[in-house]
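Participant: Numbering (UniProt numbering), first residue to last: 1 to 544.
A virtual CB, placed ideally from N, CA and C, is assigned to each residue, including glycine.
Note that the structure is predicted; figures quoted are calculated from it, not measured.
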Amino acid sequence: MERQEWMKPNSESVAKMCEWLADNLQGMQTTLKQIMKLIEEDGNPSTYEMGDFDMKSPQLRTLVHEFNSMYVSLAERCGQITGEFQVNQCPELQMEIQGPLQPNSSKGSPYVAPGMRLHVCNLDRDHVDADRSLSCGDGNLETSMKESSRLLSDSESESFISGVNSYLGTVKQINGLGQQLKKSKPPTEPISLSLSEEVDPDDDANKSEYGSYEELIGGVVQYEVLKALNQKYQQSEVEITMLKGALSRSESALNDLQVELEATKTDMEMKNACLEETKAKILHLESQVLELETRLSDSHCKAEMLTEALKQAHEKLGGSTEDEATISSALDLERQKVAVLLERISVHHKDGFDGQNEIIKLQYVLSEAERKHYMEKEQLIMQWDSRFKQMEINSRQREDEMNELHHALVRDMQCHINNSQVGIEEREARIHSLNKELDGMKLRHDMVVAEKDGLNARIQSLLAELRCRDIHIKELAAGTASSQEYEDKSSSRVQELENEVEMQKALIIDGAEKKREAIRQLCFSLEHYRTGYNELREVFLRHN
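In structure tokens form, the structure reads like this:
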């Protein structure tokens, strides 16, 4: 009685646990279908867009985390169930239950409830498929990731490989949990191959999908690599066109700068010619100023000569007065001689009357001489007076002319000097402005030369970058060829795996027949178990 009371709640708890396991397995199966659907959508090039991978990868990760948590809880619960079932199982009950099952008793396997056997079978089968897919796919995925990471750039390869590695790490974690689940089972418990009506009819398709999991991941990785390479190739073509446009713009700007430089050179030459002309005009004006200064000095010399001539005329007038004094002295001498003669006459008058005639003659001669001398003297004085007046008039005229000429020359020279000074100031201001413009032109020329050197350096750097781009494009083309070869190999591998899947489908169909036979045997054993349970119940009721 105690044994029957102990068995009843244990069978109810086992039934509840089996229902819970069935629900968890159903949830895991739906989650796995969603994961495979997302992977197929990511691997389909026709439905793939640029932002789909970034949008679907978080969803895929959440589904993988949910699948992982369900797997962990299922493993813990399964280990707890198997431990409780083995600890609480009574040897007598095992003998009574194993009695009707003589065909299976020869194998030495303990009895497991049909629901428990069904779900443990599904769990082991999923775990074996996951182990097989991961064990055969880890190496290929890692090698394909290594090969694809060589073709990608640093930033893109790191981001993409980190995402795939996190996904592979999650799958490997699930694999490890499955191995822990295997270790938590009793070593003597075989893997059952029974099925019930709760088996999903799409199990074969899911199994084929699980079998081609690594091929799908490889196709996704290969497609991502090819798409990244295509995008980089298109970006490099766009950059090359942009660089060509920038190069043409820089060449046009360089041509404009050369034209502007030629124009500045011509302007500089014209301004240099104007500067030379202004210098020649300044020299001509300086020569004219020197000529005017020489003319002014000549006029001063002429004025000095005229003043000297005037002085000589005054000296000559002084000389004429000296002649008059000599004449007057000569007249005095003559008078003295006359007096001497008169004395002689008076002496001779005494001497004779003959001397009187001689005296009259001498007086006549003396009077004639005095008259001639007076006339000559008057004539000479008149001549000297007329000459002196004429010379005074001429000297005054010359002085007036010299003064007028001097004033005119001074006025002309002052005006010319003022005009020359104004012109010189204007020329100096113009020369100063031209020097400033020349300095500005030189500075602009230096800036243009520096800018030209910078543009030449930039052109050289752009040409070097273009060469690097060409080399990179060649490398990308070589990588694309290798990727094409790898894609061909992958397509051949996919074809082989499809053939293998077809063979496995045939094997699964054969196994399904065996499973149906096993289900029929389980139904017979369940009917036998029910009859035995009814007999035990009747016996229990009779005892009560």
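How would you call residue 507, buried or exposed, if buried means at least 16 neighbouring beta carbons within 10 angstroms?
Facilitator: For the purposes of this step, residue 507 is taken as residue 507 along the sequence shown, with counting starting at 1. Classification of residue 507: exposed, given that the 10 Å Cβ count is below 16.
Participant: Return the residue from the list 452, 477 and 384 that minimises the CA-CA distance to residue 256.
Facilitator: Locating residue 256 in the sequence shown gives position 256, where the first residue counts as 1. Comparing Cα positions, the closest option is 452.
Participant: Here's the rule I'm using: 16 or more other beta-carbon atoms within 10 Å means buried, otherwise exposed. How should residue 483 be labelled?
Facilitator: By 1-based counting over the sequence shown, the position of residue 483 is 483. Looking at its Cβ environment, which holds 16 or more other Cβ atoms inside 10 Å, residue 483 is buried.
Participant: Do the segment 228-247 and the segment 401-408 meet, that is, are 3 or more Cβ pairs less than 8 Å apart?
Facilitator: No contact exists between the segment 228-247 and the segment 401-408.
Participant: Do residue 222 and residue 475 have their CB atoms nearer than 8 Å?
Facilitator: Locating residue 222 in the sequence shown gives position 222, counting from the first residue. Locating residue 475 in the sequence shown gives position 475, counting from the first residue. Contact: no.
Participant: Straight-line CA distance for residue 436 to residue 429?
Facilitator: Here residue 436 refers to the residue found at position 436 of the sequence shown. Here residue 429 refers to the residue found at position 429 of the sequence shown. Their backbone Cα atoms lie some 10 Å apart in a straight line.
Participant: Residue 391: buried (16+ other C-beta within 10 angstroms of its C-beta) or exposed?
Facilitator: As a first step, residue 391 is located in the sequence shown; it is residue number 391 there, counting from the start. By the 10 Å Cβ count, residue 391 comes out buried.
Participant: Among 456, 294 and 274, whose alpha-carbon lies nearest the alpha-carbon of residue 427?
Facilitator: Taking the sequence shown and counting its residues from 1, one reaches residue 427 at position 427. That would be 274, whose Cα lies nearest to the Cα of residue 427.
Participant: What do you reckon, are the CB atoms on residue 462 and residue 247 nearer than 8 Å?
Facilitator: Mapped onto the sequence shown, residue 462 falls at position 462. Mapped onto the sequence shown, residue 247 falls at position 247. The answer is yes: Cβ separation under 8 Å.
Participant: Return the CA-CA distance between residue 410 and residue 308, expressed in angstroms with no decimal places.
Facilitator: Locating residue 410 in the sequence shown gives position 410, where the first residue counts as 1. Locating residue 308 in the sequence shown gives position 308, where the first residue counts as 1. Looking at the two C-alpha atoms, the distance is approximately 22 Å.
Participant: Between residue 441 and residue 268, is the Cβ-Cβ spacing less than 8 Å?
Facilitator: As a position in the sequence shown, residue 441 is number 441, starting the count at 1. As a position in the sequence shown, residue 268 is number 268, starting the count at 1. Yes, they are a contact pair.
Participant: From residue 422 to residue 394, what distance separates their C-alpha atoms?
Facilitator: Within the sequence shown, the letter at position 422 stands for residue 422. Within the sequence shown, the letter at position 394 stands for residue 394. Near 40 Å, if we compare the C-alpha coordinates of residue 394 and residue 422.
Participant: Shortest alpha-carbon distance to residue 329 belongs to which of 298, 365 and 373?
Facilitator: The sequence position of residue 329 within the sequence shown is 329, counting from 1. Among 298, 365 and 373, the Cα nearest to that of residue 329 belongs to 373.
Participant: Ordered along the chain, which non-local residues of its own chain (more than five positions away) have a Cβ less than 8 Å from that of residue 315?
Facilitator: Here residue 315 refers to the residue found at position 315 when the sequence shown is read from its first residue. There are no such residues.
Participant: With a threshold of 16 other CB atoms inside 10 Å of the CB of residue 224, please say whether the residue is buried or exposed.
Facilitator: Counting from one through the sequence shown, the residue named residue 224 turns up at place 224. Buried, by the Cβ-count rule.
Participant: Let me make sure I understand the geometry here. Which of 282, 251 and 445 has the alpha-carbon closest to that of residue 420?
Facilitator: Locating residue 420 in the sequence shown gives position 420, where the first residue counts as 1. Residue 420 has its Cα closest to that of 282, out of 282, 251 and 445.
Participant: On the criterion of 16 or more Cβ atoms from any shown chain inside 10 Å, does residue 31 qualify as buried, or is it exposed?
Facilitator: Translated into the one-based positions of the sequence shown, residue 31 becomes position 31. So residue 31 ends up on the buried side.
Participant: Which word fits residue 522, buried or exposed, when buried means at least 16 other C-beta atoms lie within 10 angstroms of its C-beta?
Facilitator: Within the sequence shown, the letter at position 522 stands for residue 522. Buried, by the Cβ-count rule.
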